[in-house]
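A short write-up of the structure that comes next.
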Amino acid sequence: MSKLPDDYLERVYAGVLGKLIGVYVGRPFENWTHQRIVEELGHIRGYVHEKVGDPLVVTDDDVSGTFQFVRALEEHGYSPDISSEDIGKTWLNNVIENRTIFWWGGRGMSTEHTAFLNLKRGIPAPLSGAIQTNGRTVAEQIGAQIFIDGWALVAPGNPKLAAKLARAAGSVGHDGESVYAAQLWASMESEAFISQDINHLLDTGLSAIPEDSLVARVIRNVRKWVAEDRDWMKTRQRIEEAYGYDKFHGICHVIPNHAVMIMAVIYASHDFDEAMHIINTCGWDTDCNSGNVGCLVATMLGLSAFQGKYDWRGPLADRALISSADGGYSINNAVRIAYNITNIGRRLAGQKMLEPPKGGAQFHFSLPGSLQGFQLSWPSGTSQGTSAVLQQRVNSSYGPGLAVDVEKFSKEQGQIEVLTQTFTPKEVLRMKTYELMASPLVYPGQTVTAKVYAGDEGDGHITVRLKLKVYSRNDELIGVDGPSIILRTGEIRSLVWTIPDEMDSQPIQKIGIALSSGATSPYSGTVWLDSLSWTGVPDMVLKVPLQQPCGFWRRAWVNGADNFSNFSFLIAQGQGEGIIIYGTREWDNYSITVPNLMVKFGAPAGLAIRVQGINRYYAVTFTNDKKINIVKAHDAHRIVLASAAFSWELDYKYRVTLAACDNTIYVRVDDTELQASDKQYKGGGFGLIATDGCVSADCFMIARST
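FYI, in my numbering the residues of the sequence shown are 134 to 839.
Right, dumping it as structure tokens:
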């Protein structure tokens, strides 16, 4: 077991931020050569996404894989002995073929795609990624290394455990030198919790891999060259000449990229700004390399890593996108990820999980500098004549919170909005390569609570209201105002709002507060958002929106089927099982009613509840032998919990209700009732299932189950 450092949570947070920053710095020019980068962008110092017309925060395999696959420990028990086979099952549960996490470059070209197809065909890990299965070229590409940071962060100061977990995880898709690189880097990141000596970290990493491995030989050479050159540009040129892409087969071999990563941390292990400069200016697989380097350096230095010349944290605002079959984990932030990883690490260390801050509020701003995606905007008027600054601070009376410092804010300035994303932004339309699968975080019927207060130093009063941004016709975002209060100097109050089902089934894209001033004199002072949370399950009728044309309603579904209609709840699956999923794992006791569910072709087909991925859910299914079954999906298995004869027909409409309450699953199909008991899945969204065929629904009525 690991001995957890006293500042474990904060150091994990730093590591997560380092990973995100590194990936988002390097993403816009991934796979560029060093020469092209210098010619077109110059040396990389700070974010450059705007120069190439990209959003800063994008969907990327490095982020999605890193922070999704470590959750295999949640799915398969918090064991240091977790197997490659179990991690492979987590791949199959969370990866949607051709859509999420990976670069889907084709069998034999994309290592992850090749391994995924092996898993799908019944070849378990580690054979799924083995050299004997896929050949050396495929097995030794970069992927094992790029996904490894999460496994190190759950094993702080325990490099042997980190290397063990890294080998189990890396071997799902890779083998040979790729896995050695992953083991070494994970060992270094683990040791970075207790040492800032880069040579000690390298020696620790080398102890985890064979001395005669190519990775070990490369590191020995790079260390020698650094000592001789004292100039990273000279060392980079030596690496290109000895280990450049032209020396290896495949699209993105691990060795060239690993070599420049080692060089970067030797030259700049105590300077995050310079580490980002070196690793990104080197070229090749920049987002992968920069993400790994960023995580290592930030884990070692803590949050002080980001106090240099460049503003890394402000533009990022903690935001992260994780595309997987768990749509409720897709719109994410570094704080949520850090708490999740820390709790996994605590469980591995035999300790209890942390108490959720501020009563379990989704947004609590408890970590230093944390914004959790909140940003300022002035949508309904000019900001001329006023200024507003948003930052996390600690209030002497109430503790950490989000402070909005306002000067000379008058009625003429309209509103200041302080909002965070709860669903896919319109920027997704400009994202390249990687598709984003996501469900909204907030829904009609849930109760939102915001705790706000005004600082003692303020002058006058200000109006604070809850605010949503919701998609509408032509996928434009419109504002929806919630209840408001007048907040006076030194006053603390709560805003509470049960969101009405008046959104035309359109997804809520942002949530937060809006400030306005109705006073005769301008307001100056600080408004604090202490926390923002929501509770309960939705109470809504989900239909295809009337406000056509629009398309983001469809993006609110995680699409795990071959075909999903653009105009209705109609899915088709050519072979095997397909599912579309809506909702989050926080939904617990609720019911789904479909007034008109129709199986048009094939079976089993039906409705799922408490969905926790493609292969984990409860469902009612119509079967080929004319039954309705309550089924538990558990990885590759479909376990029948209850069954009843039911002479159903194709192309016939059935009223179906599926409910989950505590450990009971209840089904009603027309007048036939069925129930079963199981306690494994405590929460999750719902889904529509088709197998070798096609199924449709007219709408979904969601309500709390008692």
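Backbone N, C-alpha and C define an ideal beta-carbon position, used for all residues, glycine too.
Note that the structure is predicted; figures quoted are calculated from it, not measured.
Item: Between which two residues does the beta strand (DSSP E) carrying residue 705 extend?; Value: 702-715
Item: According to the neighbour-count rule (16 or more other Cβ atoms, all chains shown, within 10 Å of its Cβ), is residue 619 buried or exposed?; Value: exposed
Item: By the 10 Å Cβ neighbour count, where 16 or more other Cβ atoms means buried, how is residue 360 classified, buried or exposed?; Value: exposed
Item: What does a CB cutoff of less than 7 Å around residue 269 pick up in its chain, not counting 5 residues either side in sequence?; Value: 309
Item: Write down the C-beta distance between residue 348 and residue 314 rounded to the nearest angstrom, noting that I regard them as a contact closer than 8 Å.; Value: 5 Å
Item: In terms of residues, what are the limits of the alpha helix (DSSP H) holding residue 727?; Value: Looking at the DSSP string, residue 727 is not in any alpha helix (DSSP H); the run it does join, the beta strand (DSSP E), is 723-734.
Item: Check this for me: beta carbons of residue 483 and residue 834, under 7 Å apart or not?; Value: no
Item: Opposite residue 662 in the DSSP bridges: which residues?; Value: 535, 585
Item: Taking DSSP as the reference, what is the three-state secondary structure of residue 688?; Value: helix
Item: If you draw a straight line from the alpha carbon of residue 240 to that of residue 252, how long is it in whole angstroms?; Value: 13 Å
Item: Find out if the Cβ-Cβ distance for the pair residue 305, residue 261 is shorter than 7 Å.; Value: yes
Item: From residue 805 to residue 789, what does the alpha carbon distance come to, in whole angstroms?; Value: 10 Å
Item: In the DSSP output, what is residue 150 paired with across the bridge?; Value: DSSP, once it has assigned bridges, lists no residue as partnering residue 150.
Item: Going by C-alpha to C-alpha distance, which of 197, 358, 830, 144 sits closest to residue 436?; Value: 144
Item: Comparing C-alpha positions only, which one of 163, 694, 595 sits nearest to residue 651?; Value: 595
Item: Going straight from the alpha carbon of residue 175 to that of residue 238, what length do you get?; Value: 30 Å
Item: Run through DSSP, which three-state label would residue 85 get?; Value: Past the edges of the chain, shown from 134 to 839, lies residue 85, and the structure says nothing about it.
Item: Determine the closest residue to residue 794 out of 721, 773, 827, 826, with distance taken between C-alpha atoms.; Value: 721
Item: Classify residue 358 as helix, strand or coil using the three-state DSSP reduction.; Value: helix
Item: Taking only three categories from DSSP, how would you classify residue 558?; Value: coil
Item: For a test of the three-state rule: what should DSSP assign to residue 643, helix, strand or coil?; Value: strand
Item: Taking the continuous alpha helix (DSSP H) assigned at residue 247, which residues delimit it?; Value: 244-253
Item: Exposed or buried, what is residue 829 when buried is set at 16 or more other beta-carbons lying within 10 Å of its beta-carbon?; Value: buried
Item: Tell me the residue span of the alpha helix (DSSP H) that contains residue 202.; Value: 194-202
Item: Nearest to residue 630 by alpha carbon, out of 614, 463, 325?; Value: 614
Item: Check whether the region 657-671 and the region 421-437 touch, using three or more Cβ-Cβ pairs below 8 Å as the test.; Value: no
Item: Of the residues 446, 423, 574, which one's Cα is nearest the Cα of residue 495?; Value: 574
Item: Thinking C-alpha only, which one of 764, 725, 719 is nearest residue 738?; Value: 764
Item: Quick check for students: name the residue ranges of the beta strand (DSSP E) that lie wholly in the region 411-485, counting only runs of 3 or more.; Value: 452-454, 464-466
Item: Mind the definition here: the region 369-386 touches the region 329-343 only if three or more C-beta pairs lie below 8 Å; say whether that holds.; Value: no
Item: Between residue 577 and residue 634, how many whole angstroms is the CB-CB distance? I'm expecting something under 8 Å.; Value: 4 Å
Item: Going by DSSP in three states, residue 834 sits in which element: helix, strand or coil?; Value: strand
Item: At which residues does the alpha helix (DSSP H) containing residue 887 begin and terminate?; Value: The chain is shown only over 134 to 839; residue 887 falls outside these bounds and no answer can be derived.
Item: With three or more C-beta pairs closer than 8 Å as the rule, is the region 518-529 touching the region 692-709?; Value: no
Item: Between 780, 819, 146, which lies nearest to residue 452 when the distance is taken from Cα to Cα?; Value: 146
Item: With respect to the beta strand (DSSP E) encompassing residue 598, which residues constitute its N-terminal and C-terminal limits?; Value: 594-604
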